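Visitor:
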Amino acid sequence: MFNEEYILELLSGKLSTKGYSCIVNSISAMVHRYQWKKNIIVSGNTNMDWSDDDIQELVQQFFEWITTNEKLKYISKVPYEYLSYYFSQMFISFVSTKIKEEQQKLGISYHRCEELVREICIESYANIKLSGKNYVSLGDTLKEKRIDDLSDIIKYMPRYVIKETTKHFKPLVKTVVDDILVDTDDFVSMDALIKSVYQLLDQSSLPGYEQPDEALQGNDEEDYSPYVKMILSNVTKEEANLYLDYLFGDENIVSLSDLAKKYNMPKSTVHSKVMNFKQKIFTTYIPKNEEDGISFLKNLANSLDEIVK
552 MFNEEYILEL LSGKLSTKGY SCIVNSISAM VHRYQWKKNI IVSGNTNMDW SDDDIQELVQ
612 QFFEWITTNE KLKYISKVPY EYLSYYFSQM FISFVSTKIK EEQQKLGISY HRCEELVREI
672 CIESYANIKL SGKNYVSLGD TLKEKRIDDL SDIIKYMPRY VIKETTKHFK PLVKTVVDDI
732 LVDTDDFVSM DALIKSVYQL LDQSSLPGYE QPDEALQGND EEDYSPYVKM ILSNVTKEEA
792 NLYLDYLFGD ENIVSLSDLA KKYNMPKSTV HSKVMNFKQK IFTTYIPKNE EDGISFLKNL
852 ANSLDEIVK
């Protein structure tokens, strides 16, 4: 994990030598933990033997990426105690982007597939928004059934092979969309359709192709409830108030001493509770990117609010 102090140094534009070294070490640890290939920084290089210079090049590219894409503007929405967690997800988001860029040179990336499916659906099918979610159907008649999960349907469908000679993906993607909608004959969730189309595209014959981690694939309407329920299991009303104050509350009441006095607890007890709660969060849910991380934290905060009511 990244040190909050050095993240703030980076944000202020005054990153110290020690802070830079700490960030480099954290990124190096993540590279080796997840065994990423060097094509993240050098296209076509699938070597996993990272030198110190390679890691520093990756760090520089990451800094350029967060600056160019204004990723730091979200920092103001993140509680101090979550800076390390948030920054880690930001780095994973950066790596995800680099992997997608590399995949676009070899076959079709998830991001490109998503773009094509949305484009095809607007051009050729009936689109409707129900309960805040986008659905697609072959016809414009409102169906009685809405499908949000296609896993049971696509497991019986054939795979659609992408070859080295395949240069135009749109016709193939449209065929897959057609076949799914014909099989369902109902309104299908756009998110489920995109995910299913990508799963049905067989790129295994492409040289050097690796199926990207599903954790790095998009999902605009994530259901956080199972994770939140697990995190908040056995949390009392008093503890919920404590966690809200420490992680999401007034910036003037963030010290352990202030919280210990407010809740009439030993400082060591407060420290133990909040540290255990943070660790439970970090190990239960890993966001796909920084926006997903913020949405998850908002959902968690709302659920804590419900407990204290």
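All residue numbers for the sequence shown refer to the working numbering, where the first residue is 552 and numbers rise by one. For every residue, glycine included, the Cβ atom is placed at its ideal position computed from N, Cα and C. This structure is a prediction, so every number in the text was calculated from the model and none was measured.
Using a 10 Å radius around the Cβ and a threshold of 16 neighbouring Cβ atoms, would you call glutamate 670 buried or exposed?
Guide: As a first step, residue 670 must be located in the sequence shown, where it is residue number 119. Glutamate 670 comes out exposed.
Visitor: If we call anything under 7 Å between Cβ atoms a contact, is proline 838 one with phenylalanine 847?
Guide: Residue 838 sits at position 287 when you count from the first residue of the sequence shown. Residue 847 sits at position 296 when you count from the first residue of the sequence shown. The answer is yes: Cβ separation under 7 Å.
Visitor: Taking C-beta to C-beta, are lysine 818 and leucine 807 nearer than 7 Å?
Guide: Stepping through the sequence shown from its first residue, residue 818 is reached at position 267. Stepping through the sequence shown from its first residue, residue 807 is reached at position 256. Yes.
Visitor: In the structure shown, what three-state DSSP assignment does leucine 562 receive?
Guide: Reading the sequence shown from its first residue, position 11 is the one you call residue 562. Three-state DSSP puts leucine 562 in a helix.
Visitor: Output needed for serine 756: all residues of its chain with C-beta closer than 8 Å, excluding positions within five of it in sequence on either side, in chain order.
Guide: The residue labelled residue 756 in the question sits at position 205 within the sequence shown. Excluding residues within five positions, the ones whose Cβ falls inside 8 Å are Val712, Ile713, Lys714 and Glu715.
Visitor: Counting along the chain, where does the alpha helix (DSSP H) carrying asparagine 827 start and finish?
Guide: Within the sequence shown, numbered from 1, the residue matching residue 827 stands at position 276. Counting along the chain, the alpha helix (DSSP H) containing asparagine 827 begins and ends at 818 to 835.
Visitor: Taking all protein chains shown into account, do 16 or more other C-beta atoms lie within 10 angstroms of the C-beta of methionine 826, making it buried, or fewer, making it exposed?
Guide: Counting from 1 along the sequence shown, the entry for residue 826 is found at position 275. Under this definition methionine 826 is an exposed residue.
Visitor: Does the segment 643 to 651 touch the segment 609 to 625, meaning 3 or more C-beta pairs lie closer than 8 Å?
Guide: Short answer: they touch.
Visitor: When the Cβ atoms of the segment 771 to 789 are set against those of the segment 718 to 725, are three or more pairs found closer than 8 Å?
Guide: Contact fails: fewer than three Cβ-Cβ distances are below 8 Å.
Visitor: For leucine 559, which residues from the same chain have a beta carbon less than 8 Å from its beta carbon, with the 5 sequence-adjacent residues on both sides left out?
Guide: Position 8 of the sequence shown, counting from 1, holds the residue named residue 559. Leu634, listed in sequence order.
Visitor: Sorted by chain position, which residues of the same chain lie with C-beta nearer than 7 Å to arginine 710's C-beta, five sequence neighbours on each side aside?
Guide: As a working note, residue 710 is residue 159 in the sequence shown. Closer than 7 Å at the Cβ level, and outside the excluded window around arginine 710, lie Leu751 and Asp753.
Visitor: Give every residue of the same chain whose Cβ lies closer than 8 Å to the Cβ of glutamate 556, excluding the five residues on either side of it in the sequence, and list them in chain order.
Guide: Against the sequence shown, residue 556 aligns to sequence position 5. Result list for glutamate 556: Gly570, in chain order.
Visitor: How many whole angstroms separate the CB atoms of isoleucine 731 and isoleucine 705, which I take to be in contact at a CB cut-off of 8 Å?
Guide: Position 180 of the sequence shown holds residue 731. Position 154 of the sequence shown holds residue 705. The Cβ separation is near 7 Å, so the contact holds.
Visitor: How many Å lie between aspartate 856 and leucine 795 at the Cα?
Guide: In the sequence shown, the residue the question calls residue 856 occupies position 305. In the sequence shown, the residue the question calls residue 795 occupies position 244. Each residue's alpha carbon lies about 8 Å from the other.
Visitor: Could you compute how far the alpha carbon of lysine 849 sits from the alpha carbon of valine 733?
Guide: Position 298 of the sequence shown, counted from the start, is the residue given in the question as residue 849. Position 182 of the sequence shown, counted from the start, is the residue given in the question as residue 733. Spanning the two alpha carbons is a distance of roughly 38 Å.
Visitor: Once DSSP output is grouped into helix, strand and coil, what is the label at aspartate 736?
Guide: Counting from 1 along the sequence shown, the entry for residue 736 is found at position 185. DSSP places aspartate 736 in coil when its eight states are reduced to three.
Visitor: Could you tell me which residues DSSP pairs with tyrosine 686 in its beta bridges?
Guide: What you label residue 686 is simply residue 135 of the sequence shown in a count that begins at 1. For tyrosine 686, which the question treats as bridged, DSSP gives the partners Ile679 and Ser740.
Visitor: For lysine 813 and asparagine 576, what's the separation of their Cα atoms in angstroms?
Guide: In the sequence shown, the residue the question calls residue 813 occupies position 262. In the sequence shown, the residue the question calls residue 576 occupies position 25. Rounded to whole angstroms, lysine 813 to asparagine 576 spans 38 Å at the Cα level.
Visitor: Excluding the 5 residues flanking leucine 623 on each side, which residues of the same chain have their C-beta closer than 8 Å to its C-beta?
Guide: Numbered from 1 along the sequence shown, position 72 holds the residue referred to as residue 623. Closer than 8 Å at Cβ, skipping near neighbours: Leu562 and Ile617.
Visitor: Quick one: using the 10 Å Cβ neighbour count with 16 as the cut-off for buried, is isoleucine 673 buried or exposed?
Guide: To locate residue 673, count along the sequence shown from 1; it is residue 122. Classification of isoleucine 673: exposed, given that the 10 Å Cβ count is below 16.
Visitor: Alanine 791 and isoleucine 858: beta carbons closer than 7 Å?
Guide: Taking the first residue of the sequence shown as 1, we reach residue 791 at position 240. Taking the first residue of the sequence shown as 1, we reach residue 858 at position 307. The answer is yes: Cβ separation under 7 Å.
Visitor: Whole angstroms are fine: how far does the CA of asparagine 678 sit from the CA of serine 688?
Guide: Translated into positions along the sequence shown, residue 688 becomes position 137. Translated into positions along the sequence shown, residue 678 becomes position 127. Taking the straight line from one Cα to the other gives about 7 Å.
Visitor: Where do the ends of the alpha helix (DSSP H) carrying asparagine 576 lie?
Guide: Numbered from its first residue, the sequence shown carries residue 576 at position 25. Where asparagine 576 is concerned, the enclosing alpha helix (DSSP H) stretches over 568 to 585.
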